[in-house]
Structure formats: C-alpha cells, structure tokens
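*Asks:* Residue numbers (the numbering used here): 4 to 169. The C-beta atom is built at its ideal place from N, Cα and C for all residues, glycine as well.
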Ligand code: GDP
Ligand code: MG
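1) Less than 7 Å separating the Cβ of residue 63 from some heavy atom of ligand 2?
2) In chain order, which continuous runs of the beta strand (DSSP E) of length 3 or greater are located wholly inside the segment 40-72?
3) Could you give the DSSP three-state label for residue 98: helix, strand or coil?
4) Take residue 145 and list the residues in its own chain whose beta-carbon comes closer than 7 Å to its own, dropping the five residues that flank it on each side.
5) Hey, is residue 17 close to ligand 2, as in C-beta under 7 Å from one of its heavy atoms?
6) Could you tell me if residue 54 is buried or exposed, where buried requires 16 or more neighbouring beta carbons within 10 angstroms of its beta carbon?
7) For the alpha helix (DSSP H) that contains residue 167, what are its first and last residues?
8) Please classify residue 150: does DSSP put it in a helix, a strand, or coil?
Structure below.
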C-alpha cells in the first residue's frame with residue numbers, strides 16, 4: 004500500500020480529481036483524522052501488476068495555510084496540483100515542490116495541472132510547466148476532473164513509478 008497525498012491551493016480541484024479517480028471503485032472514506040483517504044488498486048497496463056494506493060485528500064486546511072507536515076511526511080507520492088487558469092496557483096505549486104524537497108527526497112513528486120477543459124481561460128502555458136517539470140525531474144500531467152482527461156494516465160504513471168520502489 005502506497006500513500007499518495009494531494010497538495011495545492013484551495014479550489015484548484017484536488018477533491019474533484021480524487022472523486023473522479025475513485026468514484027468507480029470507491030472503497031473507504033475516513034474524515035475523522037482531518038483528511039479523507041480512499042483506497043484504490045491500479046492495475047498496471049502491460050504487466051497486470053496491482054498497485055494499491057491510499058489516496059489522501061485534504062480537508063481544506065490549505066485554505067488556512069494550516070496543512071501540517073504530518074499530512075505528507077510519510078507519503079510515497081505527492082500530487083501537487085495547480086489550476087491552469089491561475090498563475091498564482093502555479094507559483095504555490097512550485098513552493099510546495101520546494102517544501103517537500105526540504106522534508107524528504109524519497110517521495111515521488113507529480114505536478115498536475117487541473118481544469119484543462121477551461122482552455123480559453125488558460126494562464127499557465129503548457130510549455131512553461133513542462134520546462135519547469137523537466138528541470139525539477141517531475142512527472143507532469145494536465146488533467147480535467149470534469150471531462151476525465153488524463154486522470155487515468157496520471158494514476159497509471161504514478162502507480163508505475165511506485166511499483167519501481169520496493
Ligand atoms: P479543492 O479545494 O482543491 O479540493 O477544489 P475542488 O475539487 O473543491 O474544486 C474547486 C472548484 O473547481 C469547484 O467549483 C469545482 O467544481 C471546480 N473544478 C474542479 N475541477 C474542475 C475541472 O476539471 N474543470 C472545471 N471546469 N472545474 C473544476
Ligand atoms: Mg478539497
């Protein structure tokens with residue numbers, strides 16, 4: 004079982020993305036510890052290998068900047084979300100990358116642009132985030148919880164990276 008945490012500004016779409024991903028095989032919810040987690044098994048394409056994920060969504064603490072390191076310290080993977088229609092959310096995402104790097108190097112960091120269905124309102128160019136992700140060695144996907152675009156691919160990529168750890 005690998006722990007995957009969502010990070011990023013309030014309203015970027017973390018909860019929507021979590022629900023989009025888990026709604027079909029919804030297993031478990033626990034809100035008593037201040038954050039909800041869901042478990043989902045990803046079957047890796049090509050190998051049929053099963054990767055069990057424990058996916059943590061915040062309970063909105065990021066709104067008050069009160070997300071404690073306890074939330075992500077033991078994570079195997081972080082999905083740092085920014086909204087492609089919000090440059091400031093992209094700056095926050097970069098801050099999260101820096102903060103995580105201070106805590107641990109042993110965490111797979113994924114950058115996730117959200118709301119790609121809102122192309123007409125785009126503020127963060129794909130080239131910009133792609134260059135940043137390459138410089139930092141991060142996996143990057145642009146997704147939409149609304150249409151489902153790239154959500155499956157995002158989690159396939161995460162599960163694949165995790166399966167390479169023991
Ligand atoms: P969180 O605070 O990061 O958990 O964000 P939420 O998941 O609560 O979403 C914040 C707002 O963005 C809500 O009004 C959602 O309906 C909207 N939203 C989330 N994902 C998408 C998306 O992929 N496309 C569009 N158009 N809106 C989205
Ligand atoms: Mg939320």
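*Replies:* Taking the geometry as given:
1) As a working mapping, residue 63 is identified with position 60 in the chain shown. Yes, the Cβ of residue 63 comes within 7 Å of a heavy atom of ligand 2.
2) 53-61
3) Mapped onto the chain shown, residue 98 falls at position 95. The answer is helix: DSSP assigns residue 98 an H, G or I state.
4) To locate residue 145, count along the chain shown from 1; it is residue 142. Once the five neighbours on either side are set aside, the close Cβ partners of residue 145 are 87, 116, 119, 129 and 153.
5) Position 14 of the chain shown, counting from 1, holds the residue named residue 17. Within the cutoff, so yes.
6) Mapped onto the chain shown, residue 54 falls at position 51. Looking at its Cβ environment, which holds 16 or more other Cβ atoms inside 10 Å, residue 54 is buried.
7) As a working note, residue 167 is residue 164 in the chain shown. Counting along the chain, the alpha helix (DSSP H) containing residue 167 begins and ends at 154-167.
8) As a position in the chain shown, residue 150 is number 147, starting the count at 1. The answer is coil: DSSP assigns residue 150 none of H, G, I, E or B.
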